[in-house]
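Notes follow the structure.
Residue numbers (my numbering), protein chains in the order written: chain A, 112 to 327; chain B, 4 to 262.
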């Protein structure tokens, strides 16, 4: 009953299809769990589940999307609660950061403040901004902007309509860019008034964000 | 700066940068961009945002890559077996199987596959024990109804036009799978016992020599003084176990109707 040759061949096929996506899964896992240890656990869980259900994978279809569906489901079912406790504390620290940004004195202005804004950003600030997003926004932003999945693929991964993906992505990006402005000022990439000018552009419906935060 | 162009929405431009449009649609957007500095600026901003996001991607540490590979290698095979072998009791069974396989290989490779024969061997062992019946019955219909309420797979008791008389059924297990043992007696052979082992066995290959009996593929094998005839019906394996000789076993199989 145990056909070891078959097992070996299946494993090799699985490895050849899946291991190329390890970095992508780890990178996404890191932004979902916000720490390396949980990210490694999550990705390891994902690979094990994927291997166990490999007979369910339709050959020739999108392996990366299939793996990400398992990753997000595993995260939502298993890790979300664990990570949430830490988020509350980090969220409070973040509020303090926002206040600093608002009360800071503008020193200098430039004719076209946004031209080099995103180019100059520090990856650490980008990461902090992603981590600040409520989970529903964070998921779509990770899938679209870190992993470059299409709207349709994201809809399939998250099992929701494409319209929902698009609205969450738009609002998630605006919220993220707002966070980024704050960090850019903190780290000296941007001065106060430049940030004020830019911030009009990244307006977000606060009520909606609060509602999502409550649900998360 | 807010998006002031009345012709194209900002979400539309995002979708354009995100690569959601067809080549024709892209060409139309480009035509508009050539004459609209507001939209051009929005597109440039979104492109630089996306580039910044991509730079924030992390790379898995190298030891982790090896760890994942090792973990996959530690798993047996995808699907049923992988799940089965997570249970400690199953690990003990697996260890016993490995031991038995080693013994079998040492004894030579006259038989093609150890594991297949264990179904035959298990069937014979269960038959020899003659354990008490869970549900004594002489009527196949009531025995079938009782089994249907106890088993997680569909089962069909054969009707023998002559010969074996139903005594009853007993629930059993083979390789951690539920099985039913149906017991018959043979009046014309001094009441000798015949057992029919019914197990949901998804393995494709049955053990023994293939024969064709009454439009059925039947596999015959012999061990420990017993003849075992196995056939498959709707993915379920039926094995008739007796100490009758081969000719009489095949006659029994021939008279069994699987309706």
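Backbone N, C-alpha and C fix where the C-beta goes; we use that ideal spot for every residue, glycine too.
Bear in mind the structure is a predicted one, so any value in this text is a computation, not a measurement.
For this session: Indicate whether at least one CB of chain B lies closer than 9 Å to the CB of residue 266/A.
Result: no
Problem set entry | Members of the region 268 to 286 of chain A that neighbour chain B once the beta carbon cut-off is set at 9 Å | 277, 278, 280, 281, 284
Exercise. What did DSSP end up calling residue 235/B once you bin it into helix, strand or coil?
Worked result: strand
Problem set entry | Where the beta strand (DSSP E) through residue 171/B begins and ends | 168 to 177
Problem set entry | residue 288/A: contacting residues in chain B (beta-carbon distance under 8 Å) | 52
For this session: Per DSSP, which residues does residue 212/B bridge with? Please list them.
Result: 223/B
Exercise. Between the C-alpha atoms of residue 15/B and residue 173/A, what's the straight-line distance to the nearest angstrom?
Worked result: 26 Å
Problem set entry | Simplified DSSP assignment, three categories, for residue 13/B | helix
For this session: Could you please tell me which residues of the region 5 to 35 of chain B, in chain order, have their CB closer than 9 Å to any CB of chain A?
Result: 5, 6, 13, 14, 17, 18, 21, 22, 23
Problem set entry | Helix, strand or coil at residue 230/B [DSSP, three-state] | strand
Exercise. In chain order, what residues of the region 231 to 250 of chain A put their CB closer than 8 Å to some CB of chain B?
Worked result: 232, 234, 237, 238, 241
Exercise. What does a CB cutoff of less than 7 Å around residue 84/B pick up in its chain, not counting 5 residues either side in sequence?
Worked result: Caution is warranted here: a pLDDT of 46 is assigned to residue 84/B, below 50, making its placement in the model unreliable, and the coordinate value is therefore given only provisionally. Contacts found: none.
Exercise. Should residue 178/A be labelled buried (16 or more other beta-carbon atoms within 10 Å of its own) or exposed?
Worked result: buried
Exercise. For residue 250/A, which of 235/A, 236/A, 281/A, 152/A has the nearest alpha-carbon?
Worked result: 281/A
For this session: Please confirm whether residue 150/B and residue 160/B have their CB atoms less than 9 Å apart.
Result: yes
Exercise. If we cut at 9 Å on Cβ distances, does residue 238/B have a partner in chain A?
Worked result: no
Exercise. Nearest CA to the CA of residue 8/B: which residue from 26/B, 32/B, 24/B?
Worked result: 32/B
For this session: Kindly list the residues whose CB is nearer than 8 Å to the CB of residue 256/B, restricted to its own chain and excluding five residues on each side of it in sequence; keep chain order.
Result: 216, 217, 219, 221, 232, 234, 243
For this session: Mind checking who residue 202/B pairs with in its DSSP beta bridge?
Result: 182/B, 240/B
For this session: Could you tell me whether the Cβ of residue 106/B comes closer than 9 Å to any Cβ of chain A?
Result: Summary for residue 106/B: the model assigns pLDDT 46, below 50, so the residue's position carries little reliability; its value from the coordinates is reported in the next sentence. Taking Cβ atoms only, chain A never reaches closer than 9 Å to residue 106/B, which makes this a no.
Exercise. If you count every other CB in all the chains shown that lies within 10 Å of the CB of residue 243/A, and 16 or more means buried, which is it?
Worked result: buried
Problem set entry | Neighbour list for residue 129/B in chain A, Cβ cutoff strictly below 9 Å | None at all; the shortest Cβ gap to chain A is about 18 Å.
For this session: Check the DSSP bridge columns for residue 197/B and list the partner residues they point to.
Result: 187/B
Exercise. Is the shortest distance between the beta-carbon of residue 135/A and the beta-carbons of chain B less than 9 Å?
Worked result: yes
For this session: For residue 163/B, collect the residues of the same chain with a Cβ closer than 8 Å to its Cβ; drop the 5 residues on either side in sequence, then sort them by chain order.
Result: 187, 255, 258, 259, 260
For this session: Taking a Cβ distance cut-off of 9 Å, strictly less, list which residues of the region 56 to 79 of chain B are near chain A, in chain order.
Result: 56, 57, 58, 59, 60, 61, 62, 63, 64, 67, 68, 70, 71, 72, 74, 75, 76, 78, 79
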